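Colleague:
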Amino acid sequence: MYPDPGRLVFGPKTLNYLEKDMANFVCQVGVLPVLIPTVEDSFLYPIMDQLDGFVFQGGTDLSPASYNEKPIIPGKWLGDPTRDAYELKLMEYAFRHEKPILAICRGFQLLNVFLGGTLYQDIATQRPDAILHRDADAYDHLRHGVSFPTNSLLGDIYGHDSGCIVNSVHHQGVKDLGSGLEVLATCREDGLVEAVSYTKSTPGKVLGVQWHPEFSYQKHDGTLESGKIIEMFLSHVKENLHASH
Numbered sequence: 000m001y002p003d004p005g006r007l008v009f010g011p012k013t014l015n016y017l018e019k020d021m022a023n024f025v026c027q028v029g030v031l032p033v034l035i036p037t038v039e040d041s042f043l044y045p046i047m048d049q050l051d052g053f054v055f056q057g058g059t060d061l062s063p064a065s066y067n068e069k070p071i072i073p074g075k076w077l078g079d080p081t082r083d084a085y086e087l088k089l090m091e092y093a094f095r096h097e098k099p100i101l102a103i104c105r106g107f108q109l110l111n112v113f114l115g116g117t118l119y120q121d122i123a124t125q126r127p128d129a130i131l132h133r134d135a136d137a138y139d140h141l142r143h144g145v146s147f148p149t150n151s152l153l154g155d156i157y158g159h160d161s162g163c164i165v166n167s168v169h170h171q172g173v174k175d176l177g178s179g180l181e182v183l184a185t186c187r188e189d190g191l192v193e194a195v196s197y198t199k200s201t202p203g204k205v206l207g208v209q210w211h212p213e214f215s216y217q218k219h220d221g222t223l224e225s226g227k228i229i230e231m232f233l234s235h236v237k238e239n240l241h242a243s244h
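In numbering that gives the first Met the number 0, the protein residues as written are 0 to 244.
Below is the structure:
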């Protein structure tokens, strides 16, 4: 969050933040979620050297410039190129050091862009056939079905029946799929990509989901059991730790 004179707390300052549901989602016995601060590289890289896995959380749009496009409507959906550059640097580090990655919502889109993919800048404009994927009032109570390809990682975990539901809090989505990514889930109603995995690492070690599993964690609200996603991520973290020792 950037300086905002209208904000009562730290109005003139830039804020880095960790949303509470995300902290609860990641935090387990022996697991500490750490917010990676925006500091100089000389401090940043030694911090990252101590981390065992990376979760890229939700937030504002990506800038079209980050995937070599111009705004489809001048002045709209300009995104946050500053945050893009910072997080792409973190993702490059995670890939180079073969760290487990869980990429959620914006993070899912960032993963696609990092690997050369592109985004629909606004689903409603560019895919008028699509269902509504974001409603400010409904927020994470807006939901839709997902389908899993045959013999896919998430299909094997959740089953291939038609009753799987996820929340939906995004107006952008994957247009062209990034290199090395395979689709693990699509929106049942309109076919938009909802989950991906990187094929050049152990299945699920680099995983991206368009929905917010942290918002429904342990809530038994009819959506996918999100504990299975964080458990899979942490299993790769632990496996990485054992391999490094």
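For glycine and all other residues, C-beta sits at the position ideal for the given N, C-alpha and C.
A quick note: this is a predicted structure, and the numbers were derived from the prediction, not measured.
In chain order, what are the residue ranges of uninterrupted beta strand (DSSP E) at least 3 long that sit wholly in the region 49–95?
Modeller: Runs of the beta strand (DSSP E) inside the region 49–95: 53–55.
Colleague: Does the beta-carbon of Met231 have 16 or more other beta-carbons within 10 angstroms, so that it is buried, or is it exposed?
Modeller: Buried, since its Cβ has 16 or more Cβ neighbours within 10 Å.
Colleague: How is the alpha helix (DSSP H) around Thr124 delimited, first residue to last?
Modeller: It spans 122–125 - the alpha helix (DSSP H) in which Thr124 sits, taken as one unbroken run.
Colleague: Can at least three beta-carbon pairs, one atom from the region 3–20 and one from the region 61–75, be found at a separation below 8 angstroms?
Modeller: Touching, no.
Colleague: Using alpha carbons as the reference points, say which of Asp40, Glu39, Asn15, Ser41 lies closest to Val33.
Modeller: Measuring from the Cα of Val33, the nearest candidate turns out to be Asn15.
Colleague: Using 10 angstroms around the beta-carbon of Gly52, count the other beta-carbons present and answer buried if the total reaches 16, otherwise exposed.
Modeller: Burial call: buried.
Colleague: On a CA-only basis, which of Phe113, Val25, Lys88, Ile103 is nearest Asp40? Give me that one, please.
Modeller: Nearest C-alpha to Asp40: Lys88.
Colleague: In angstroms, rounded to a whole number, what distance separates the CA positions of Tyr138 and Glu213?
Modeller: Spanning the two alpha carbons is a distance of roughly 14 angstroms.
Colleague: Closer than 8 angstroms is the cut-off here; do at least three beta carbon pairs connect the region 70–84 with the region 183–194?
Modeller: Output reads no: the region 183–194 does not touch the region 70–84.
Colleague: Would you check if the region 96–103 and the region 119–137 touch, i.e. whether three or more CB-CB distances between them fall below 8 angstroms?
Modeller: At 8 angstroms Cβ cutoff, the stretches do not touch.
Colleague: Please classify His169 as buried or exposed, where buried requires at least 16 neighbouring CB atoms within 10 angstroms.
Modeller: It counts as buried.
Colleague: Would you mind stating whether Leu223 and Ser234 have Cβ atoms separated by less than 9 angstroms?
Modeller: No, Cβ-Cβ distance for Leu223 and Ser234 is not below 9 angstroms.
Colleague: With Gly106 as the anchor, note down where its alpha helix (DSSP H) starts and where it stops.
Modeller: Run containing Gly106: 105–113, per the alpha helix (DSSP H) assignment.
Colleague: Using DSSP with H/G/I as helix, E/B as strand and the rest coil, what is Asn150?
Modeller: Residue state, collapsed to three classes: coil.
Colleague: Below 8 angstroms, is the gap between the Cβ of Phe42 and the nearest heavy atom of the ligand MN?
Modeller: This structure lacks the ligand MN; in fact it carries no ligand of any kind.
Colleague: Going along the chain, which residues of its own chain have a beta-carbon closer than 8 angstroms to the beta-carbon of Gln27, five neighbours each way excluded?
Modeller: Ile229, Leu233, listed in sequence order.
Colleague: Quick check on Asn15: does DSSP put it in helix, strand or coil?
Modeller: Reduced to three states, the DSSP call for Asn15 is coil.
Colleague: Taking C-beta to C-beta, are Pro148 and Leu183 nearer than 9 angstroms?
Modeller: For Pro148 and Leu183, yes; Cβs fall inside 9 angstroms.
Colleague: Can you check which of these residues, Gly144, Gly158, His143, is closest to Asn150 by C-alpha distance?
Modeller: For Asn150, the nearest C-alpha among the options comes from Gly158.
Colleague: Asn166 and His211 look like a contact to me (Cβ under 8 angstroms); what is the Cβ gap, rounded to whole Å?
Modeller: Indeed they touch by this definition, with Cβ atoms about 6 angstroms apart.
Colleague: Got a sec? Which residues, its chain only, sit under 8 angstroms from Pro4 by beta carbon, not counting five neighbours each side?
Modeller: Within the same chain, Pro4 has close Cβ partners Gly10, Pro11.
Colleague: Please confirm whether Asp60 and Leu43 have their CB atoms less than 9 angstroms apart.
Modeller: Their beta carbons are not under 9 angstroms apart, which means Asp60 does not touch Leu43 by this criterion.
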